[in-house]
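Here is the structure we will look at.
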Amino acid sequence: MVAFRFDESKFRALSFTPSSNRVFHDGCVYSDSGRLCFSKPLENVIRVTESPTGGRLPQELSLGDYRVSLYPRVTVRKANRVVFEEWDPSGPETSWGANRPFVDPLFIGPPRTEPWTNYRTIVTGKLTCSDGRLCSSFAVSLRPGEPIYGLGEHFGHVNKRGQEFITWAGDVPSTPSYATYVPVPFIWSPRGWGILVNTYSPVYFDLGKASYDRLLIVTREPLDLYIILGTPKEILKALYQLTGAPKAPPPKWSFGFWQSKCAYNTQEEVLSVAREFRARGYPADVIHIDPPWEGNWRKYRCDTVDFEWDTSAFPDPKGMVEELHRLGFRLSLWINPYIEPGTRLWSRLERYMVKSKLGGLATPAADCQRREGAGLVDLTDPEGFNAFKQALKDLVLPYADVIKADYGEAVPEEADFRNGMSGEQAHNYYPVLYMRAVYEATLEAKGYGIVWGRSGSTGVWQYPLNWGGDVPSSWEGLRQAIRGLLSYHASGALFASFDVGGFIGRPSDELYLRFLQAGIMVSHVRAHGVTDREPWKYSPRETLAALRLRYRLLPYIYSEAWRSIEERVPLVRPLPLEHPDDPNVYDIDDEFYLGSSLLVAPIVEEGATGRAVYLPQGKWVDMFTGTTYEGGRWVTITYDSLDKFPLLVRENSVIPMLSADVDHVPEGLFSPVEFHAFKVVDVEYPYYDDGLRAAVRCRGGRCSVDRMPADVKYAFVYHD
110 MVAFRFDESK FRALSFTPSS NRVFHDGCVY SDSGRLCFSK PLENVIRVTE SPTGGRLPQE
170 LSLGDYRVSL YPRVTVRKAN RVVFEEWDPS GPETSWGANR PFVDPLFIGP PRTEPWTNYR
230 TIVTGKLTCS DGRLCSSFAV SLRPGEPIYG LGEHFGHVNK RGQEFITWAG DVPSTPSYAT
290 YVPVPFIWSP RGWGILVNTY SPVYFDLGKA SYDRLLIVTR EPLDLYIILG TPKEILKALY
350 QLTGAPKAPP PKWSFGFWQS KCAYNTQEEV LSVAREFRAR GYPADVIHID PPWEGNWRKY
410 RCDTVDFEWD TSAFPDPKGM VEELHRLGFR LSLWINPYIE PGTRLWSRLE RYMVKSKLGG
470 LATPAADCQR REGAGLVDLT DPEGFNAFKQ ALKDLVLPYA DVIKADYGEA VPEEADFRNG
530 MSGEQAHNYY PVLYMRAVYE ATLEAKGYGI VWGRSGSTGV WQYPLNWGGD VPSSWEGLRQ
590 AIRGLLSYHA SGALFASFDV GGFIGRPSDE LYLRFLQAGI MVSHVRAHGV TDREPWKYSP
650 RETLAALRLR YRLLPYIYSE AWRSIEERVP LVRPLPLEHP DDPNVYDIDD EFYLGSSLLV
710 APIVEEGATG RAVYLPQGKW VDMFTGTTYE GGRWVTITYD SLDKFPLLVR ENSVIPMLSA
770 DVDHVPEGLF SPVEFHAFKV VDVEYPYYDD GLRAAVRCRG GRCSVDRMPA DVKYAFVYHD
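Its first residue numbered 110, the sequence shown is counted upward by one per residue in the working numbering.
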């Protein structure tokens with residue numbers, strides 16, 4: 110991980126005199142040491158940028174309903190740490206819009222009608238970092254008990270308050286809480302604000318660890334960030350407007366079950382597993398082959414690539430793919446971006462390789478690949494980007510229906526990219542370009558967009574989807590997988606997954622089942638690990654029931670996936686995203702919503718047949734037993750068998766389901782469909798399928814459907 114140390118005792122605040130307490134006509138305020146500039150790219154967003162410059166004539170800037178002004182203040186230090194001195198509200202006043210929050214470079218707060226104690230002090234300044242560079246800092250006062258979410262896919266507590274992080278992508282097989290495959294310099298609070306730091310360079314976040322009442326952000330570059338105001342959902346919508354979002358969900362078949370392990374070694378083994386799924390009646394849609402499909406991997410065992418089949422183990426790839434398709438399976442193939450020297454792929458891409466500032470070509474910052482002298486295609490170069498895409502379309506996508514894009518986190522700091530970025534600046538950016546290249550190549554070759562990726566950073570959610578990497582096969586690994594997923598969704602991901610069973614080790618029957626029950630309730634579900642992960646090898650009756658439940662729910666899951674696209678909200682939602690005003694949900698790491706109506710509480714303790722569940726306000730119906738619970742409180746829910754777990758439906762909800770079991774996702778529109786209406790009174794539910802947006806309307810406890818095609822059979826099932 111990149112070193113990131115600084116000396117707070119040498120903090121120097123950006124100071125502004127009383128004569129410069131107005132925003133100038135160019136949108137900036139000036140001091141002797143530099144300027145802060147403000148703009149309003151979106152209705153609820155203020156952009157703050159910093160740069161050195163001289164002075165200008167004063168003129169106040171109006172940002173719609175917001176006014177930006179500076180006030181002289183004193184920054185005090187205690188024990189060599191920057192702390193805050195409260196602003197005196199009897200000082201200069203500022204303009205307010207009706208019922209709108211107030212933002213300026215020193216204060217962020219709610220409407221003027223609320224107490225002054227709710228306002229946030231913001232301090233900007235400079236710190237000397239350990240490499241001698243002058244770093245920029247941005248500090249915000251935090252309120253007691255205020256939670257913070259975001260920062261990407263982290264496997265510790267979803268509420269990041271009291272922790273510190275550096276946004277640096279890494280290969281983190283043991284998933285410690287400080288490490289991540291997908292760092293995102295974005296945070297938000299359910300108290301109505303968020304901050305996106307506009308950089309892929311490493312950023313340091315102290316979220317109340319050194320001083321519990323202070324959030325500190327430190328960058329090695331001039332400040333460039335967005336302050337976003339609103340509810341959590343409004344903050345995420347603004348994030349998508351700033352960074353992009355997918356235009357469609359992944360293809361329908363991808364929401365079925367994916368079967369994998371590390372690794373299937375031969376063509377016969379792959380086909381044997383596919384046939385056994387069909388013979389046993391277990392539904393599944395995708396089979397994945399890890400590195401052994403490549404001859405290069407068998408030769409070097411070093412996870413470098415040449416995109417060529419090992420024909421000794423896979424003698425007829427085309428025939429294998431045709432047989433998988435006949436059985437109703439799609440094929441997933443593994444790749445990474447580390448190109449093996451001396452191969453035909455190397456010859457094809459060599460002139461696009463990343464250079465090193467030390468001379469020659471840059472090699473991945475990973476021991477095995479570095480020993481091999483592997484190369485990285487410079488994806489910041491449009492020609493290199495397109496050449497890599499074309500290699501995928503020529504060599505991989507004639508066989509693969511989807512590509513697993515592994516690794517990507519090993520850009521070395523000495524790299525020198527053609528767009529001018531250093532290795533440090535591009536370290537987190539390269540995985541985003543890598544996922545984009547695979548996604549676009551698939552879209553152009555197949556007509557649909559999808560990638561099964563591991564690494565990324567800001568904006569990678571435009572190219573769904575990522576899975577949670579190599580979590581251990583343990584009960585703590587299960588909890589880590591769920592926390593990592595929720596942390597990533599809180600940071601902007603619309604779709605995501607994790608390895609059912611965990612990657613490292615062999616799970617017990619009970620652990621595999623609990624992994625699977627959690628996995629079927631997220632956007633995508635794949636079993637994968639270093640040992641066998643076929644579901645019939647672990648509690649076959651219960652795993653079959655779990656997979657059949659997943660497939661019955663596919664009309665709901667896929668409809669909600671389209672709603673995620675249309676409404677710009679994650680398919681899987683941490684509870685604070687839905688209930689920002691309920692402090693009871695702030696520290697819940699293992700409950701979540703799947704779509705708008707299903708509350709999921711996986712069982713994550715060995716030997717448990719139930720658990721305590723927090724139910725938000727309203728009435729909730731247990732999907733397995735039909736029991737109705739009153740919300741706004743904790744309840745203990747237990748079952749008499751392992752095939753059940755807390756899965757609850759919000760009152761006044763409609764859940765579309767398949768009316769019969771299937772062994773893979775059917776072609777065309779879902780049919781026949783049952784619309785399960787739970788305690789409906791007055792509700793309108795938008796039902797999506799490919800090219801379809803029907804409307805389910807319920808009045809007085811009974812429902813109807815508008816705009817449903819005549820060839821789709823449907824019925825209503827009422828749960829009063």
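C-beta: ideal position from N, C-alpha, C; glycine also.
- Annotation: the continuous beta strand (DSSP E) that includes Ser298 extends over 292-298.
- 9 angstroms or more divides the Cβ of Ala383 from the Cβ of Glu431.
- Annotated three-state conformation of His828 is strand, per DSSP.
- Contact between the region 676-689 and the region 649-659 is absent: fewer than three C-beta pairs spanning the two stretches fall below 8 angstroms.
- Where Ser673 is concerned, the enclosing alpha helix (DSSP H) starts and stops at 663-676.
- Close CB contacts of Gln571 within its chain, under the 7 angstroms cut and outside five residues either way in sequence, are with Gly353, Ala354, Pro355 (chain order).
- Cα atoms of Glu585 and Ala393: separation of roughly 27 angstroms, rounded to the nearest angstrom.
- Under the DSSP assignment, Cys371 falls outside any alpha helix (DSSP H); it carries neither an H nor an E label.
- DSSP, read as helix, strand or coil, puts Gly586 in helix.
- DSSP, read as helix, strand or coil, puts Gly259 in strand.
- When DSSP states are grouped into helix, strand and coil, Pro765 belongs to the strand group.
- Taking C-beta atoms under 8 angstroms as the contact rule, Ser705 and Arg672 qualify, at a distance of about 7 angstroms.
- In the DSSP assignment, Thr747 forms a beta bridge with Gly719.
- Considered as a whole, the region 333-362 harbours 341-352 as its complete alpha helix (DSSP H) runs of no fewer than 4 residues, in chain order.
- If you draw a straight line from the Cα of Val249 to the Cα of Asp399, it comes to about 45 angstroms.
- Within the region 387-437, complete beta strand (DSSP E) segments of at least 3 residues are found at 395-398, given in chain order.
- Taking one beta carbon from each stretch, the region 319-332 and the region 147-156 have fewer than 3 pairs nearer than 8 angstroms; the two do not touch.
- In this structure, the CA atom of Pro616 is about 15 angstroms from the CA atom of Arg635.
- Minimum Cα-Cα distance from Thr734 among the listed residues Tyr748, Pro725, Val722 corresponds to Tyr748.
- Assignment of Asp690 by DSSP, reduced to helix, strand and coil, places it in the coil class.
- The beta-carbon separation of Pro711 and Ala627, rounded to 4 angstroms, stays under the 8 angstroms limit for a contact.
- Less than 9 angstroms divides the Cβ of Pro424 from the Cβ of Gln376.
- Residue pairing of Arg323 in beta bridges, as defined by DSSP: Ser250.
- DSSP places Lys513 inside the beta strand (DSSP E), whose first and last residues are 511-514.
- In the three-state reduction of the DSSP assignment, His773 falls in the coil class.
- Residue burial is scored here from C-beta neighbours: His434 has fewer than 16 other C-beta atoms within 10 angstroms and is therefore classed as exposed.
- Residues of the same chain with a CB within less than 6 angstroms of the CB of Tyr373, apart from the 5 flanking positions on each side, are Val379, Ile398 in chain order.
- When Thr737, Thr718, Asp770 are compared, the shortest CA-CA separation from Gly727 is found for Thr737.
- Looking at the DSSP output, Leu724 bridges to Arg742.
- For His598, the three-state secondary structure derived from DSSP is helix.
- The three-state secondary structure of Ser441, taken from DSSP, is strand.
- Under the three-state reduction of DSSP output, Glu273 falls in the strand class.
- Of the other Cβ atoms in all chains shown, 16 or more fall within 10 Å of the Cβ of Trp561; this residue is therefore buried.
- Per DSSP, the continuous beta strand (DSSP E) segment holding Val154 begins and ends at 154-160.
- By the beta-carbon neighbour count (other beta carbons within 10 angstroms, threshold 16), Tyr321 is exposed.
- One Cα belongs to Gln350, the other to Glu675, and the distance between them is close to 13 angstroms.
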